[in-house]
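Under full-length UniProt numbering, the sequence shown has 971 at position 971, and the numbering climbs by one with no breaks. Ideal placement from N, C-alpha and C gives every residue a C-beta, glycine not left out. As the structure is a computational prediction, the values presented were derived from the model and not from experiment.
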Amino acid sequence: QHIAKHKLRDCVAYHKKNDTDRQKFLEQLAKKAKGSFLWLLLAVNDLKPSKSPEDLDKNFGNLKETLDEIIKHCVKDESFADSDVKHMISFMMVTERPLSVDELYDVLQVDLQKKTNTRREIDLKSKFAKTSGLLRPDNAGLVKFLHPAIREYFIALQIKGERLLPHKEAHTDLTLRLLVYSKGCLSKPHDVSLEPLPQVDVERLFTEHDLLEYAVRNWTTHFRQSTLYKPTGTLALSNDVKATFPASPLMPLLEWTCWDAQFPTTELLPVHELALRIRSEVFQDKHVSTLQTFITCAYVFHMYSSPDIAAHYFVRASRICQHVLPKHNRITVTLTETFLTITDSMTFTSRTELVTFREEMLKFIITAYKETHGETSDVVIRFTKTLAEMYVSIHEEDHAAACWKELRTVIVKKYGEGSDFEREISGKLMVVLKADHDHGGIEQYHYDIFSVGEDSATVWNLARIQMFLKLAQGCEHRKEFYEAEELYVTMWTRLLSLCRSEHSHNVETRISMLQVAVEYVHFLTRQQRKEEAKNMLIVLWTEHKHFGCESETFYQQLMIIGKLMRSLELHNLSISVFERVSSFFKAVGKHESSYARECEDTMIKVIQETSEKHSSSSSRSESTDEMQSVVRRMFSSSTTTLSHETIKVARSAVHMHMKQENWSEAISLLTRTLDLMHFTGSWGGGVCLPNDYADESIEFALELGKCYTRSKRHSESLAVYLQLWQAVRSSCSIDDKRRTIILDVIVQNYTEHKRWRALVELHKDLLLEYRRYLGKSHERIIGLLYFLGDLTLEHGHGYPEDYYREIVEIIGTSNYKLSFKAYKRLSQIYYDESNWVELRIVCDVLWNLLTTQTKEYDYDENYVELLYIRYAYVLKHHNRNNGKADHKLLVLVAQQYRDICITKFGTSSSVAIRARIEHASVLMEDESTKVEAVAAYEEIITTTKNSKTVIDEKTMLMVKSRMTEAYVHVHRKGISSAETTEKAITVLQERLQQLKSIHGCAHSETLSIL
């Protein structure tokens, strides 16, 4: 009943009933609703137009009993005559989410006949009205049905095919509109890309075009439910439908970015396949839009599906690129190389479709690099070697032999005959030829490796070892894992025994042993025997951590072992290996070589990985302590030199210390790093930034201050910040952003500890610097003066009026918008200090701005009223003319005050009524204007009667009293008209009755009225 009563508040016929009938009517209505709020709402909407109680009762009797009947009654047939309304309801039945008003507007703007986005005017408000409120926008601007029951009713209509578009046709129409809209939005040319569209570009496009986001995300969903879709076979789309599709590659790029976060993996792959299927039929293969979709599918399937499927897409994308894009384009080469990378880890023992694809792609990449890099380039050699090895693995010895022969010719041309590389290739060619014609030859080589004794160390040359390593790899490719492991272990143990022999000090043999061991570790890793691989690496390091030699190749091999340790998460051991290698390069004076730099970089990366791994927890561990010891040794050494890599290590270690709240270690490391940067400040010396690593020194000094703060050493923290501030001021220009960063930190520190005096002094010092470099009228100086004025006004420690006065003096009359706040602050200060002379000057300016530039400033009621009170007070009591107020000026100011309040805040606003009363009061203060006061008071009475604003009784009594006084004055002067006299008598009689009821007949005020 309460809801019904609330909804009927605007019904005229309902309010014409008496209280008893109204209550009875509400009870009947609630009973008939049977608990259905939707039925009640629709019934009330039907009853509201009733003009009389009789009509209301009649309409009540005609109300439909069931919810379906009353909904049907609300839906008018003529509403569906409007095609926009019909489409609007049909589309909202099938959309994936409620459309916004702007999105729905864009949908209806599409002209499917002309395949364009029209600019016709559509009054959506009237369209919603034609649905009788059953479809309307909510407070968030989303178009929704009033209730789910209404949507179910329309679904029933749609199933029957009555008045609305059938379900599949609605999806078809909406799909085509979304595609036409997208085509119009994405008309600018765009290049094919190997990466999704950046999010900032996506957001920009979606902001520019309201419907584009919904179209990109959902067009395939609607297509799948439309009449255009067929689960299998060709789609057989008409030319008219094909003309709606966007041809720009931007559409697939947007889909790539949006769908990745929108769909789960089980839905993501099919939706990309559908988009590819559609575009392949619409544009055919040799089109940039189809190409972009192939590229998208390739990378998406590479990420979320099997390599086999992804490889097929990369091949097709590469083939299309070879026809669509310029010859040997970067994108074509990248796609081809990605395909080769994906299939590198696959094992092939016979020719398959993938092998044929790989053969085709390898031949293309070899041809491409021959033309761009030359036939003797390393990359051509590498891919030719890969092709030959693939032929070997699938037992196509003829093709393999041709590749090895070609490769040998290139090697001889590049390195000369007899080189190690040439001997290696010749050995492989020999193996292939023997495998093709004389299988017994291989067995002979197999026998040789096991028949070598300690006295036969000379046979262990690099070419021979490499040949038998290839034999082991061949066994592995043929899945003869036992034989492969037997080869690895036997080679390693034989070489190890040679290395341990008393008579053998050949470093080359030890290096070969390490190479074999490394290959064996790779084999174990490929077999997922990682624990055994780790044990192997530990044995190698234990055997060689104290071994000394001067062979650079030996330490290069140790570095490979360190990298393997890193890949198997033996981080602490890998750091020890890299330390050893780095020490060797420093000792021999080759710390600037490429291997030394690579070793240093890799060690730093391992330390970073370790620190990041342990920074996720606040607990300490043995591995954490070991890593910290390494970092401590690195930075405590007198030979440590600073580089970007060591700075990265320090940064990672500091973050780990801070995460674990190990403040003393963090402070020690930060201090040492700053010393290495030659940063001088609180550590002694002059105050300046280093020439190198200036930004890094600021970053580390800020972190040092933060560590001091977190460890409750606030004075030291502030000292760091202040010294850093002095260093930045002496080293950086006044416009440098780094000054702003440091200043903000110090301001925050002072503010948190309520050190207002220090904050004032800091900005006063800054003000002097700004004046020296920027002059007196720069905008920064104005801002700083405002800051100082506001700060001292709120917290003391200065004279705020000096700062505001300086702002006024600097700006003058050139820019009142900039000085307006200063004038306001000065008016407050002068009023509080009773400085009436200065207050009059300031109020003159503010009042002039108020009266001449009312619309330029955002004045509120309180400001206008307060300014008038202060200005009127100064004019009245502290006038320049010997303290006598100029009544004409007071009247003018009061009139301006009244007009401004009426114009800006409305004639019926409370502040406007108070301004009218004030104006009338000023008129009553002088004999010459009391006649005008009569009209002013009459206007007040008229305004208050017609206004909804409630005026308190005391104010109205005062107004009527003053009005009575004005009437009496006018009558005594004999200047009143008959009409005025009648009004005066009416007011006096009303006033007399009020005084009688308040004071009685004998009261002096009552008698005065008589």
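Using 10 angstroms around the beta-carbon of residue i, count the other beta-carbons present and answer buried if the total reaches 16, otherwise exposed.
| i | result |
| --- | --- |
| residue 1066 | Absent from the model: residue 1066. The displayed extent of the chain is 1 to 1010, so no value can be given. |
| GLY374 | exposed |
| MET303 | exposed |
| VAL200 | exposed |
| ASN662 | buried |
| MET565 | buried |
| ASN815 | exposed |
| SER90 | buried |
| GLU550 | exposed |
| ASN572 | buried |
| MET93 | buried |
| GLU255 | buried |
| ARG119 | exposed |
| MET513 | buried |
| PRO196 | buried |
| VAL539 | exposed |
| ILE155 | exposed |
| ILE734 | exposed |
According to DSSP, residue i sits in a beta bridge with which residue or residues?
| i | result |
| --- | --- |
| LYS144 | ARG136 |
| ASN117 | VAL110 |
What did DSSP end up calling residue i once you bin it into helix, strand or coil?
| i | result |
| --- | --- |
| ASN239 | helix |
| CYS549 | coil |
| SER100 | strand |
| LYS229 | Here residue 229 is Tyr; the residue named in the question, Lys, does not match the sequence. Note: TYR229 maps to coil in three-state DSSP. |
| ILE734 | coil |
| LEU194 | coil |
| SER576 | helix |
| ASN506 | coil |
| PHE554 | helix |
| SER126 | helix |
| GLY798 | coil |
| MET303 | helix |
| PHE223 | helix |
| MET658 | helix |
| TYR770 | helix |
| THR349 | coil |
| VAL588 | coil |
| ASP82 | coil |
| GLU49 | The amino acid at residue 49 is misidentified as Glu; the sequence shows Pro. Looking at PRO49 - three-state DSSP - the assignment turns out to be coil, as it is neither helix nor strand. |
| ASN218 | helix |
| ASN749 | helix |
| ARG478 | coil |
| THR673 | helix |
| ILE394 | coil |
| LEU818 | helix |
| LEU469 | helix |
| HIS171 | helix |
| GLY184 | helix |
Quick test of your reading: residue i and residue j, contact by CB under 8 Å. State the CB separation rounded to the nearest angstrom.
| i | j | result |
| --- | --- | --- |
| GLU801 | LEU826 | 6 Å |
| PHE584 | TYR555 | 5 Å |
| ARG916 | GLU939 | 7 Å |
| VAL874 | LEU839 | 6 Å |
| ILE811 | SER819 | 4 Å |
| HIS323 | LYS286 | 5 Å |
| PHE787 | HIS763 | 6 Å |
| ILE71 | ILE150 | 6 Å |
| VAL760 | LEU702 | That pair is no contact at about 24 Å. |
Please find out if some non-hydrogen atom of the ligand FAD comes closer than 7 Å to the beta-carbon of residue i.
| i | result |
| --- | --- |
| SER582 | The ligand FAD is not part of this structure, which contains no ligands at all. |
Exercise for review: Ignoring anything shorter than 4 residues or poking outside the stretch 243-286, list the alpha helix (DSSP H) runs there in chain order.
Suggested key: Within the stretch 243-286, the complete alpha helix (DSSP H) runs of at least 4 residues are 250-262, 265-283.
Worksheet entry | Complete beta strand (DSSP E) runs within the stretch 853-940 (minimum length 3 residues, chain order) | None, since the stretch 853-940 contains no complete beta strand (DSSP E) of that length.
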